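Read through the structure below, which is laid out as structure tokens, and then see the notes.
In the numbering used here, the protein residues as written are 1 to 347.
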């Protein structure tokens, strides 16, 4: 099957003249919105427009993407077979391994900006493109790609599609795709991550009850408490001063949780402040990017990922790199059996 087999016959994305009419028709439908144009996907109305897209920064929904498709660069983070089966029209694909690439420096592990740049160039992304990153949902593939764009110093806007490909009701394509490569010119932003040396320098601050830096371990509770006995690591526990907010609390069923619940989790229960520095970590930085993106969407200005994560800290000598196993706080949004929010918190 070629790209045009699933595309609307002889046309590009909807023209501006049709945008308002198409969106009005979508909003007027009942429980589902069935697209009548070839190349469109039938989508539940509650995924076409989402509360997170309406209330959170740099989160968009399917309706917004359809209205703005001609002005943005869609970037698909799924595997090759899913990408070729069906994708947003005009999308290119990036590999998680490339946008997650890291390198060892004297002060610790950092993102490999050179490999990230190559991935973006191969996908045909230009420095000034407004990019919409999507995948199966708001998962670590999507948020790590958004983070990588920011690390590369991307000049255009970077958005994430709430609900992922299953929410998409607009024009689609299928089959192989070889985009015209770009000459991406990075301007690395080193303020978005911290290294082992940075943490060493701030250990005393992190351990204080009134620390000026908030530290979040986004792994599951057993890993945080050192109960998992994962044989990849010599030591188990968490960084001194870290609280535990499992990354999966940010989204459910492919979409971000209700903004009110996310606000309650991070502002009221965790007591975080947007004016403070927040450092998040997991094992290797991928799941931490999900919380990084969520906090940025809430208005936090200084959120950083500890790139080395527990892959690094859990294998360092304990005399110089302390850890804790006692809980400071364990917080999460609990989901119901159907994946919906229950408005309950586990502490």
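C-beta: ideal position from N, C-alpha, C; glycine also.
Remember, it's a predicted structure, so these values are computed and weren't measured experimentally.
Beta-carbon contacts of residue i that lie in its chain and below 8 Å, excluding the five residues immediately before and after
{"i": "residue 328", "result": "241, 242, 243 and 244"}
{"i": "residue 191", "result": "302 and 304"}
{"i": "residue 179", "result": "92, 122, 123 and 124"}
{"i": "residue 318", "result": "235"}
{"i": "residue 151", "result": "111, 113, 116, 188, 189, 192 and 193"}
Beta-carbon proximity list for residue i, same chain, < 6 Å, skipping 5 on both sides
{"i": "residue 276", "result": "214"}
{"i": "residue 148", "result": "99 and 116"}
{"i": "residue 61", "result": "49, 50, 53 and 162"}
{"i": "residue 309", "result": "281, 282, 283, 284 and 285"}
{"i": "residue 112", "result": "101, 102 and 103"}
{"i": "residue 87", "result": "76 and 173"}
Nearest-angstrom Cβ-Cβ length linking residue i and residue j, presumed shorter than 8 Å
{"i": "residue 127", "j": "residue 155", "result": "5 Å"}
{"i": "residue 307", "j": "residue 271", "result": "No, residue 307 and residue 271 are not in contact; Cβ-Cβ is about 25 Å, not under 8 Å."}
{"i": "residue 72", "j": "residue 162", "result": "Residue 72 to residue 162, Cβ: 15 Å. No contact."}
{"i": "residue 289", "j": "residue 144", "result": "4 Å"}
{"i": "residue 109", "j": "residue 197", "result": "Actually they are not in contact, since the Cβ atoms of residue 109 and residue 197 sit about 11 Å apart, beyond 8 Å."}
{"i": "residue 257", "j": "residue 159", "result": "About 18 Å; that fails the 8 Å criterion."}
{"i": "residue 166", "j": "residue 90", "result": "With a Cβ gap of about 19 Å, residue 166 and residue 90 do not count as contacting."}
{"i": "residue 69", "j": "residue 171", "result": "7 Å"}
Coil, strand or helix - residue i by DSSP
{"i": "residue 301", "result": "coil"}
{"i": "residue 229", "result": "coil"}
{"i": "residue 100", "result": "coil"}
{"i": "residue 332", "result": "strand"}
{"i": "residue 85", "result": "helix"}
{"i": "residue 31", "result": "Reliability fails at residue 31, whose pLDDT of 31 lies under 50, so the model's placement of it is uncertain and the value that follows must be treated cautiously. In this structure, residue 31 counts as coil in the three-state DSSP scheme."}
{"i": "residue 315", "result": "coil"}
{"i": "residue 52", "result": "helix"}
Sequence-distant residues of its chain with Cβ nearer than 7 Å to residue i (five each side left out)
{"i": "residue 119", "result": "94, 95, 98 and 99"}
{"i": "residue 83", "result": "76 and 93"}
{"i": "residue 146", "result": "133, 158, 160 and 293"}
{"i": "residue 264", "result": "none"}
{"i": "residue 142", "result": "77, 133, 134, 135 and 160"}
{"i": "residue 259", "result": "51, 52, 55 and 56"}
{"i": "residue 27", "result": "Only weak support exists for where residue 27 lies, its pLDDT of 31 falling under 50; the value from the coordinates is given anyway. Counting only Cβ-Cβ distances below 7 Å, and skipping sequence neighbours, we find nothing."}
heavy atom of the ligand COA below 7 Å from residue i C-beta
{"i": "residue 161", "result": "For the ligand COA, the structure offers nothing, since it holds no ligand at all."}
Go through the stretch 152 to 224 residue by residue and report every complete run of the beta strand (DSSP E) that reaches 3 residues or more, in order.
Taking only runs of at least 3 residues, the beta strand (DSSP E) segments lying wholly in the stretch 152 to 224 are 158 to 161 and 213 to 217.
Are the stretch 231 to 242 and the stretch 311 to 328 touching, with three or more C-beta to C-beta distances below 8 Å?
yes
When the Cβ atoms of the stretch 200 to 212 are set against those of the stretch 283 to 298, are three or more pairs found closer than 8 Å?
no
What are the uninterrupted segments assigned as alpha helix (DSSP H) that are 4 or more residues long and contained completely in the stretch 54 to 83, given in chain order?
62 to 68
I'd like the ranges of any beta strand (DSSP E) spanning at least 3 consecutive residues and lying wholly in the stretch 256 to 293.
277 to 281
When the Cβ atoms of the stretch 214 to 227 are set against those of the stretch 131 to 149, are three or more pairs found closer than 8 Å?
no
Entirely within the stretch 106 to 157 and at least 3 residues each: give me those beta strand (DSSP E) ranges in chain order.
108 to 111 and 131 to 134
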